[in-house]
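Student:
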Amino acid sequence: MRVLVTAGPTREALDPVRYLTNRSSGKMGYAMAAAFAEAGHRVLLISGPTQLDVPDGVDFLPIETAQEMYEAVQRHIGRMDAAVFAAAVADYRAATVSEQKIKKAGEILTLELVKTPDTLGSVRGEFGFTGTLVGFAAETQNLEVNAREKLKRKGCDLVIANDVSKPGIGFDSDRNEVLMVFPEHTEALPEDEKHHLAPRLVREIETIAAARQSS
Ligand code: PMT
32 MRVLVTAGPT REALDPVRYL TNRSSGKMGY AMAAAFAEAG HRVLLISGPT
82 QLDVPDGVDF LPIETAQEMY EAVQRHIGRM DAAVFAAAVA DYRAATVSEQ
132 KIKKAGEILT LELVKTPDTL GSVRGEFGFT GTLVGFAAET QNLEVNAREK
182 LKRKGCDLVI ANDVSKPGIG FDSDRNEVLM VFPEHTEALP EDEKHHLAPR
232 LVREIETIAA ARQSS
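With my numbering applied, the sequence shown covers 32 to 246.
#1: Taking its Cβ as the centre, do 16 or more other Cβ atoms sit within 10 Å of residue 179, making it buried, or is it exposed?
#2: CB of residue 223 to nearest heavy atom of the ligand PMT: below 7 Å?
#3: Given that a residue counts as buried once 16 or more other Cβ atoms are within 10 Å of its Cβ, and exposed if not, what is residue 170?
#4: I need the straight-line Cα distance from residue 76 to residue 91, nearest angstrom please.
#5: Under a three-way DSSP split, which group does residue 233 fall into?
#6: Using the C-alpha atoms, what's the distance from residue 41 back to residue 166?
#7: Would you identify the three-state DSSP class for residue 48, choosing helix, strand or coil?
#8: Do residue 124 and residue 251 count as a contact pair if the criterion is CB distance below 8 Å?
#9: Please name the residue, chosen from 131, 147, 218, 151, that lies closest to residue 36 on a Cα-to-Cα basis.
#10: Shorter than 7 Å, the distance from the beta carbon of residue 122 to the closest heavy atom of the ligand PMT, or not?
Structure representation (structure tokens):
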């Protein structure tokens, strides 16, 4: 398969020296990209800024902002058989980016934020993608219910949900513990190293893709 994987955080500038971001290290998405490549698939990894090396045999497209992520996915999704969205994309950016460094003034500084495009949410409708679609869901409560809502709303075949409030898993950790939320059922995978979980998730996605092709 040709597979697109998104990974890492995005950065949304406030001024020339500051930005809004999150704690994503990219480890989960890079592990997915590596596992797809090791299984013989052609992989395009679209990633926000991380400290990680690009896995062997993976095509790489670096981006910085949510808007750049959206545009990169829009440009490449058409020739993909499957797409996996593991990036932690900023939901909001500064309404205006200050050209000069924002000066300290007063006790309270109010930032005006505007919504960024929802890339995964645009893939089925706006981009017309008909391949296998897998999202991640980072939740701090009601893991399965919230992930199932994302599965339906974003038209995914599978949502891989992680509880990012649990210490030792999820953001910026080598380990994760996930729920695989399918349209008809849910399956929990025990906590493991991300690079052990990834090949297991890849096999699941291969099965979904094979079933979609034969139907
Ligand atoms: O990078 P690590 O440190 O290894 O951490 C891994 C992880 C916790 C980041 C990863 O496992 C994970 O959960 N990734 C999704 C994080 C997230 O932003 O989840 P969400 O529930 O807010 O978004 C749901 C889905 O929509 C995700 O697939 C996300 O990539 C996608 N999305 C969200 C917002 C947006 N503007 N565009 C998107 O495409």
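Note that CB positions come from ideal geometry on N, CA and C, so glycine has one too.
Tutor: With the structure as the only source:
#1: buried
#2: no
#3: buried
#4: 5 Å
#5: helix
#6: 16 Å
#7: coil
#8: A question about residue 251 goes unanswered here, because the residues of the chain that appear run from 32 up to 246.
#9: 151
#10: yes
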